[in-house]
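Residues 35 to 346 in the numbering used here are what the sequence shown spells out, letter by letter. Even glycine gets a Cβ: it sits at the ideal position worked out from N, Cα and C.
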Amino acid sequence: MSASPLRIGFVPEHYLLPLHLAYRASLFPYPVELVSCPSGTGQMITLIREEKLDLAIGLTEGWVAGLLTPQGQKEKGYSIVGSWVENPLRWSIVTGKDREGLHSVKELLTAGKEKGKVKVGVSRMGSGSHIMAIVLAQREGWNVEDQVSFEILGPFKELRDGVNKSSADFFMWEHFTTKGYWEGEQKELKWLGEIYTPWPSWCVVASQKRFEAPEGDPTLRSFFEAVDKGKEMFLQQQDECVRLLGTRELGCFYGEEDAREWLKGAKFFNTTEGIDTDMVDGVVKVLQGAGVLSADVTKSLSDGTIGVRRTP
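Put into structure tokens, the structure is as follows:
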């Protein structure tokens, strides 16, 4: 490996605790730079393609869509190499705290600023907040082309500001990250509903520039070993995890009650190395059904989508 540090992109949220624990314990056998990406998976896709990241941990649907849309198939730039979180992601659907006449997802089409059309705030096109809004539209029976428009607002704070300034009717973000903003005295948001991803929610990707042949790459192997130990520390040091989430040291904040509630249900893959091909196929089918991917999209082991296959 070259002397330049391994640049790892991450979203400043609780699901990245094992990465931070591994980093703080100096478990990586080479220099590492953690790069915070508050705009999420879409931002990391851009940075990988600009050769500013070597590895990144983000949302499964964002990585898959980023590789298999027509533009993604041209640009590529990364492959999926690892499994991170086994649980589905719980997305909260929220609007501004003072939005009158809007109390549920079912009311969005009739209570939106434009009757019969709903404006969705997203961090970036191609991000999880964008893709899951399309999955939500499918669930609700909305015609995306005629009844949904997307407003690119930026990271979490800008999304919150957007629904309060009526730049958007609603946006979607991870449940525990948003919960503190609709509860308590300083609330900024109003909760309308939720939706779960029908797949394991987080995975790891590697730059094709940095890792031309990721299967068996020694640098990747060392990364997998380090973060697997970080996952073990996560299980063994629950009180320390709660403390870290309450200090803002990791770029996010969760109160003790929310942190402990999340910890009870959080399930990381014991081993990070590799991605299950059947799981990716399932994601592709759902995204095709939601219109995110075209019906004729195919994925093969030789097209670079999957860089490291998961062994049973």
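Length of the line joining the Cα atoms of residue i and residue j
| i | j | result |
| --- | --- | --- |
| R294 | T311 | 33 Å |
| G218 | W118 | 32 Å |
| W226 | I127 | With the sequence shown as reference, residue 226 is identified as Leu, and Trp is not the correct amino acid for it. Cα to Cα, the separation comes out at about 5 Å. |
| S183 | F302 | 34 Å |
| Y381 | P122 | The requested residue 381 does not occur in the structure, where the chain is confined to residues 35 to 346. |
| M35 | F62 | With a pLDDT of 48 at M35, under the threshold of 50, the predicted position of this residue should be treated as unreliable, though the coordinate-derived value follows. Between M35 and F62, the C-alpha separation is close to 13 Å. |
| T129 | G74 | 20 Å |
| R83 | P46 | 21 Å |
| G116 | K224 | 35 Å |
| G100 | D330 | 16 Å |
| V320 | I168 | 11 Å |
| R158 | R282 | 24 Å |
| R375 | H209 | Residue 375 is absent from the structure shown; the chain starts at 35 and stops at 346. |
| E67 | P232 | 32 Å |
| L187 | G323 | 26 Å |
| E259 | A171 | 39 Å |
| Q181 | V197 | 18 Å |
| L279 | K213 | 14 Å |
| T211 | C237 | 19 Å |
| Y288 | Q271 | 17 Å |
| V353 | G106 | The structure shown does not extend to residue 353, since the chain is modelled only from 35 through 346, so no value can be given for it. |
| R215 | L284 | The identity of residue 215 in the sequence shown is Tyr, whereas the question assumes Arg. Roughly 18 Å between the two C-alpha positions. |
| S235 | V98 | 12 Å |
| L327 | I309 | 20 Å |
Buried versus exposed call for residue i [16 or more other C-beta atoms within 10 Å across all chains shown]
| i | result |
| --- | --- |
| K153 | buried |
| T144 | exposed |
| S70 | exposed |
| Q220 | exposed |
| P252 | exposed |
| G299 | exposed |
| E307 | buried |
| G155 | buried |
| S161 | buried |
| D292 | buried |
| D315 | exposed |
| T94 | buried |
| G250 | exposed |
| G5 | As displayed, the chain neither begins before 35 nor continues past 346, which places residue 5 out of reach and without an answer. |
Which residues DSSP lists as bridging residue i, in chain order
| i | result |
| --- | --- |
| E185 | G155 |
| F44 | S70 |
| S241 | Y112 |
| G323 | Answer by DSSP bridge pairing: none, since G323 is not bridged. |
| R343 | I309 |
| A90 | G43, V239 |
Contact test: residue i Cβ vs the ligand FMN heavy atom, cutoff 7 Å
| i | result |
| --- | --- |
| N198 | Among the ligands in the structure shown, none appear at all, so the ligand FMN cannot be discussed. |
Runs of 3 residues minimum, wholly inside the segment 204-235: which ones carry the beta strand (DSSP E) assignment?
204-208, 223-230
Just to confirm the assignment: which complete beta strand (DSSP E) runs, minimum length 3, are found wholly within the segment 101-151?
112-119, 124-130
Tell me whether the segment 234-242 and the segment 81-97 touch, counting them as touching only if at least three CB pairs, one residue from each stretch, are closer than 8 Å.
yes
Scan the segment 266-309 and note each continuous alpha helix (DSSP H) run of 4 residues or more that stays entirely inside, going in chain order.
272-279, 290-299
Does the count of Cβ pairs from the segment 203-211 and the segment 185-195 closer than 8 Å reach three?
yes
Count the C-beta pairs between the segment 249-269 and the segment 52-61 that are closer than 8 Å, then say yes if the count reaches three, no if not.
yes
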